[in-house]
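What the sequence shown shows, in mature numbering (1 follows the signal peptide of the UniProt record, and there is no 0), is residues -17 to -1, 1 to 216, in sequence order. The next block holds one structure in the form of structure tokens; read it before the comments.
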Amino acid sequence: MKKILAFASILILTSCAELQSIASQLPQEYGVTDAEISSGLKQALEFGIDKEVSNLAKEDGFFTNELVRIGLPPELQKVDKTLRDVGLDALADEGLKVINRAAEDAVGEAIPVFASAVKGITFADARNILLGADNAATVYLSAKTEQELYTRFNPIISNSLDKVGATQVWKNIIQKYNSLPITNNVNPDLPDYVTNEALEGVFVMIAKEEKDIRNTLSARTTNLLRKVFAVQD
């Protein structure tokens, strides 16, 4: 998430003036009104949020999705490897599953936050996003929502880790790992790690949908999307 926000800051500081100058000519040159640009981008984001975020919130939304599946934090990767080396693959697999389940539980909280951010897109925002990079709308959303999403996700993930048995699973895993004579004790902050990974996954999937709409005509499923995104083709 820090990388996304850093990119967003650079984008805002270096390109807004130029984009606004170019975008101010859009209605006259392309026959697209400010209202249509704004509505089209909002529609694209709403479709992406509804499709991708809703899918992530389902069981296995993270766990079976190779793009966003949450692996172990670096300090626990050695735990996973050691367990597998000594034949405890099933225990290691269960550890991975429960942290992904926690992310799936939390992601539903993103939808109302995103909905509020989408409503707040101004005409100027919409023009700049339309002429921006393939992930310009996703970058905009991340800058507007990351802090609130973390605040919402973290306690849900913490509770979910308990609810789905992750606390006990990881207690068993870490106790087993720490009892091995070849290891040093570890004690990671799993809720913080899973929260950040869940946020990253959400924006990866929204960016995927945004790129599809920008670059694939068949993904523009309404007349409004076709009209607005034809401007950036």
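Glycine residues also receive a C-beta, built at the ideal position from the N, C-alpha and C atoms.
Since residue i and residue j are thought to touch, with beta carbons under 8 Å apart, how far apart are those beta carbons, to the nearest angstrom?
| i | j | result |
| --- | --- | --- |
| L207 | E29 | No, L207 and E29 are not in contact; Cβ-Cβ is about 12 Å, not under 8 Å. |
| L55 | I156 | Contact flag wrong, Cβ pair sits at about 10 Å. |
| F136 | E92 | 6 Å |
| A40 | E87 | 6 Å |
| V177 | A27 | 29 Å between Cβ atoms; not a contact. |
| L113 | V214 | 6 Å |
| K210 | V15 | 6 Å |
With H, G and I counted as helix, E and B as strand and the rest as coil, what does DSSP make of residue i?
| i | result |
| --- | --- |
| T87 | Here the sequence assigns Glu to residue 87, which means Thr is not the residue at that position. Three-state DSSP puts E87 in a helix. |
| L182 | helix |
| L208 | helix |
| V69 | coil |
| D76 | helix |
| R110 | helix |
| Q215 | helix |
| T105 | coil |
| L55 | coil |
| Q11 | Only weak support exists for where Q11 lies, its pLDDT of 48 falling under 50; the value from the coordinates is given anyway. Correct three-state label for Q11: helix. |
| A6 | Any reading at A6 must be qualified, since the residue scores a pLDDT of 46, below 50, and its modelled position is unreliable; the value itself is stated next. Three-state DSSP puts A6 in a helix. |
| E92 | coil |
| E42 | coil |
| A100 | helix |
At which residues does the alpha helix (DSSP H) containing residue i begin and terminate?
| i | result |
| --- | --- |
| Q21 | Before going further, note that residue 21 is Ser rather than Gln in the sequence given. From DSSP, the alpha helix (DSSP H) with S21 extends over D17 to G31. |
| N48 | It is not in any alpha helix (DSSP H) - N48 carries neither H nor E in the DSSP assignment. |
| K127 | A119 to K146 |
Sufficient close CB pairs (3 or more, under 8 Å) joining the region 47 to 61 to the region 182 to 194: yes
Three-pair Cβ contact test at 8 Å for the region 195 to 204 versus the region 93 to 106: no
At least three beta-carbon pairs within less than 8 Å, the region 78 to 97 to the region 32 to 39: A contact exists between the region 78 to 97 and the region 32 to 39.
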